[in-house]
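Reading through the structure tokens given below for one structure.
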Amino acid sequence: MKKITDIIIVLLFFHIQTFATWSRISSLGIPFWMIKEDDTLIWMNPYEVVNYPNQIYIEVGIADGSTLEPKVNDNLSISNQWGGVFAKTNFVLPGTIAIFFGRPYWGLVHSAGHRTINSDVSAVENSPVGTSLLPLPLYNKLDLFFGSDKILPIPLGISVFYAANSSYKTESNVSKPSLAVGDEKYNEELKSSEIWLMFGTKLKNIYVFDTFEAILNLGIHNVNNKYIDEIYNEEKFVINNNYSFITKGFLTPEITLRAIYGGNKNVSVITLFDYYFTDLSNEFVRKTDTNIDGLFISTDGDIYYIREQSYTRSFITLGVATNILVSPKTLFIIGTNIFVDSVNIKERRTQMLEDRTGVDQEYRYEYVRRNIPFYLACEYNITNFLTLSSGINKVVSAVQKTKVVDPDYSGWDGTHFPLVSIIEEETKEDDISGYMTNISFGVSFKIKNKIFFDFVVRQNVLFSGTYIISGVPETLFSQISAIYKF
């Protein structure tokens, strides 16, 4: 008993299965980096594809029904279906390739431009026809992987993820056969995209570690939204409204280091360091020439300003996890990490009118959150084809610091917008009451070592939402994954 207790204290790790899915990870309620070897790790290190050749991977979906009236498809609707295929190849270069379609978007580009909490800087305005000029929701078009041991002296994996969305619209209200004063037309073009390039390697027997992984991830994003409408003034079409929203920051680097130490055949230790930084700075410009004279003057009712948002965000994760094979059929997973989320936002509006120029609104927001969650999970192999799993996780420490700087400006005094006052406020909270205890359940089974299914039984509920209690069909399974090996 003392030996087992000592092992738990030093947080070791071991993996019992040679495959896994997002459903299995969800049923255990742990981050996927805590698993020693499984399919989901290709999203952290593309080299991992070499370990899973010749298989089809399918995320059947997540339950999307409603427990409230009116019920949706008897509460059995499924969303977020996606999947892909792995295969060995000797075409051009020997290795393993994988291609995925339809994976849900996991990035942050959609958050650019949104108004900061309690900010008094004007929000990004909708176009005159009601269209939001904020980033469109992104959808993953394609994920490509390639891994090989035979290209360079070290193992190498490369992946490319591409997500995008766009919308185009042109309308006109013009007289025929001849144009008339007041005829209108407008053009709307919205484009958002993001591409990720990932490079990863996995080295064996580095110092005291059985394996050491190093991964570099580079994301490049772009948002370019614009709206223009024009009015005919007897001679030509003249711009009346010109709205634009663009991202000025474009690069998101991420560095991940993961090392595994195997104490003996029943235990292993996983350590993780991950740093992620993104620059989502953006700019919104509105020009409204009320009397379409080509000038922007306040007394004409014209509007011309630039709204700038400097927006950077970073994540740091330091983690350790263990897996203890306490018997040939029973696996315990224990882990924890320190997670730090830092946000720095500066918003400013600058008037650009010919008779009124200068900053008239400003707001700064800094936010740092540090969480320490604790994870405990268990798997039990009932038979060689059926496995039950369960996990519980809870944030045991949470500290949040917020700093706000809110300058206030008065109206135009003939030369500028005077700065009246600056309000600074700092707050610190050390409270975990807002973090619920998450409990998840799952079941896995396989057919002749060819077909594998994983089911999650209502992840992230504390019993009250389960099918056993509620009797609502949607709460029976909340996520399903499948693998077919060929």
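When we follow the working numbering, the leftmost residue of the sequence shown carries the number 4, and every step to the right adds one. Glycine residues also receive a C-beta, built at the ideal position from the N, C-alpha and C atoms.
Could you tell me which residues DSSP pairs with residue i in its beta bridges?
{"i": "Tyr230", "result": "Glu191, Tyr246"}
{"i": "Met201", "result": "Ser162, Asn220"}
{"i": "Asn347", "result": "Thr315, Glu369"}
{"i": "Leu298", "result": "According to DSSP, which records beta bridges pairwise, Leu298 is partnered with nothing at all."}
{"i": "Lys453", "result": "Paired residues: none, contrary to the question."}
{"i": "Ser169", "result": "Lys194"}
{"i": "Ala485", "result": "Ile61, Phe456"}
{"i": "Asn225", "result": "Ser196"}
{"i": "Ala101", "result": "Phe89, Phe148"}
{"i": "Glu357", "result": "Paired residues: none, contrary to the question."}
{"i": "Asn441", "result": "Asn396"}
{"i": "Asn340", "result": "Gly322"}
{"i": "Thr119", "result": "DSSP, once it has assigned bridges, lists no residue as partnering Thr119."}
{"i": "Ala209", "result": "What sits at residue 209 in the sequence shown is Ile, not Ala. Phe212, per the DSSP bridge assignment."}
{"i": "Tyr235", "result": "Phe240"}
Nearest to residue i by alpha carbon, out of the options?
{"i": "Phe202", "options": "Asp416, Lys194, Ile249, Ile45", "result": "Ile45"}
{"i": "Val362", "options": "Ile161, Arg351, Glu369, Gln403", "result": "Arg351"}
{"i": "Asn83", "options": "Trp25, Ser196, Thr418", "result": "Trp25"}
{"i": "Ile435", "options": "Ser424, Asn396, Val407", "result": "Asn396"}
{"i": "Ile231", "options": "Leu206, Lys268, Thr173, Ser195", "result": "Thr173"}
{"i": "Pro140", "options": "Lys488, Ala167, Val371", "result": "Ala167"}
{"i": "His224", "options": "Val88, Ser195, Pro97", "result": "Ser195"}
{"i": "Leu355", "options": "Lys179, Phe148, Arg289, Phe94", "result": "Sequence check: residue 355 is Met here, not Leu. The option with the nearest alpha carbon to Met355 is Arg289."}
{"i": "Asn228", "options": "Met47, Asn54, Gly116", "result": "Gly116"}
{"i": "Leu137", "options": "Lys239, His113, Gly160, Ser317", "result": "His113"}
{"i": "Asp269", "options": "Pro256, Lys39, Glu429", "result": "Position check: residue 269 holds Asn in this sequence, whereas Asp was assumed. The shortest C-alpha separation from Asn269 is found at Lys39."}
{"i": "Asn54", "options": "Val95, Phe35, Ala101, Gly64", "result": "Ala101"}
{"i": "Glu238", "options": "Asn220, Ser162, Ile295", "result": "Ile295"}
{"i": "Leu393", "options": "Lys431, Asp457, Thr353", "result": "In the sequence as displayed, the identity of residue 393 is Ser instead of Leu. Selected option, being the one with the closest Cα: Asp457."}
{"i": "Leu182", "options": "Ile209, Leu147, Asn236", "result": "Asn236"}
{"i": "Glu311", "options": "Ala324, Ile273, Gln364, Ser447", "result": "Gln364"}
{"i": "Tyr370", "options": "Ser169, Thr315, Ala324", "result": "Thr315"}
{"i": "Phe89", "options": "Ile65, Met47, Asp42, Ser178", "result": "Asp42"}
Where do the ends of the beta strand (DSSP E) carrying residue i lie?
{"i": "Leu31", "result": "Careful: Leu31 lies outside any beta strand (DSSP E), inside the alpha helix (DSSP H) at 25 to 31."}
{"i": "Gln403", "result": "389 to 412"}
{"i": "Tyr307", "result": "306 to 330"}
{"i": "Arg372", "result": "360 to 384"}
{"i": "Tyr264", "result": "254 to 267"}
{"i": "Asp123", "result": "First-last for Asp123: undefined, no H or E at that position."}
{"i": "Thr430", "result": "422 to 433"}
{"i": "Thr92", "result": "85 to 92"}
{"i": "Arg289", "result": "285 to 291"}
{"i": "Asp277", "result": "270 to 282"}
{"i": "Phe148", "result": "142 to 151"}
{"i": "Ile45", "result": "Where Ile45 is concerned, there is no enclosing beta strand (DSSP E), given that its DSSP letter is neither H nor E."}
Please go through the same chain and pick out, in chain order, the residues whose beta-carbon is closer than 8 Å to the beta-carbon of residue i, but skip the five residues on each side of it.
{"i": "Gly86", "result": "Ile59, Tyr60, Ile61, Glu62, Phe103, Phe104, Gly105"}
{"i": "Ile7", "result": "Because the pLDDT of Ile7 is 31, which lies under 50, any placement of that residue in the model is unreliable, and the number read from its coordinates should be weighed accordingly. For Ile7, where only same-chain residues beyond five positions count, the Cβ hits under 8 Å are Ile327, Val329."}
{"i": "Leu71", "result": "Confidence at Leu71 is low in this model, with a pLDDT of 48, below 50, so the placement of that residue should be treated as unreliable; the coordinate-derived value is given next. Nothing listed; no residue qualifies."}
{"i": "Thr92", "result": "Gly98, Thr99, Ile100"}
Sorted by chain position, which residues of the same chain lie with C-beta nearer than 6 Å to residue i's C-beta, five sequence neighbours on each side aside?
{"i": "Tyr171", "result": "Glu192"}
{"i": "Gly322", "result": "Leu275, Asn340"}
{"i": "Val459", "result": "Ser26, Ser29, Ser30, Gly445, Ser481, Gln482"}
{"i": "Asp433", "result": "Val402"}
{"i": "Glu427", "result": "Val408"}
{"i": "Asp411", "result": "Val423, Ser424"}
{"i": "Ser313", "result": "Ser284, Lys349"}
{"i": "Tyr165", "result": "Lys144, Leu145, Ile198"}
{"i": "Asn176", "result": "Glu187"}
{"i": "Val399", "result": "Ile375, Phe377"}
{"i": "Val464", "result": "Residue placement at Val464 is poorly supported in this model, since its pLDDT is 45, which falls under 50; the coordinates still yield a value, given next. Excluding positions up to five away in sequence, the list is empty."}
{"i": "Tyr278", "result": "Ile258, Ile319"}
{"i": "Val343", "result": "Ile319, Arg373"}
{"i": "Ser122", "result": "Glu350, Tyr366"}
Using C-beta distances below 7 Å, list every residue in its chain close to residue i, excluding the 5 sequence neighbours before and after it, in chain order.
{"i": "Glu357", "result": "Leu298, Phe299, Ile300"}
{"i": "Thr119", "result": "Ile348, Glu350, Tyr366, Tyr368"}
{"i": "Lys449", "result": "Phe388, Phe455"}
{"i": "Ala126", "result": "Arg118"}
{"i": "Gly265", "result": "Asp213, Ser271"}
{"i": "Tyr50", "result": "Gly150, Pro158, Leu159, Gly160, Gly203, Thr204, Lys205"}
{"i": "Lys453", "result": "Tyr487, Lys488"}
Under 7 Å: does the beta carbon of residue i sit that close to some heavy atom of the ligand ADP?
{"i": "Lys488", "result": "Absence of the ligand ADP is noted for the structure shown, with no ligands found whatsoever."}
Specify whether the stretch 172 to 192 and the stretch 154 to 161 touch according to this definition: at least 3 beta carbon pairs, one from each stretch, less than 8 Å apart. Contact between the stretch 172 to 192 and the stretch 154 to 161 is not established, with fewer than three Cβ pairs separated by less than 8 Å.
Across the stretch 414 to 422 and the stretch 375 to 390, are there enough close Cβ pairs to call them in contact, namely three or more that are closer than 8 Å? The stretch 414 to 422 vs the stretch 375 to 390: no contact.
Three-pair Cβ contact test at 8 Å for the stretch 239 to 254 versus the stretch 127 to 143: The stretch 239 to 254 is in contact with the stretch 127 to 143.
Does the stretch 400 to 409 come close enough to the stretch 439 to 458 that 3 or more CB-CB pairs lie under 8 Å? In the pairwise beta carbon analysis, the stretch 439 to 458 is classified as not touching the stretch 400 to 409: fewer than three pairs are separated by under 8 Å.
Three or more beta-carbon pairs under 8 Å between the stretch 250 to 264 and the stretch 278 to 288, yes or no? Judged by Cβ distances under 8 Å, the stretch 250 to 264 makes contact with the stretch 278 to 288, as three or more pairs qualify.
Taking 8 Å as the cut-off, does the stretch 331 to 338 touch the stretch 304 to 318 (at least 3 CB pairs, one atom from each stretch)? At 8 Å Cβ cutoff, the stretches do not touch.
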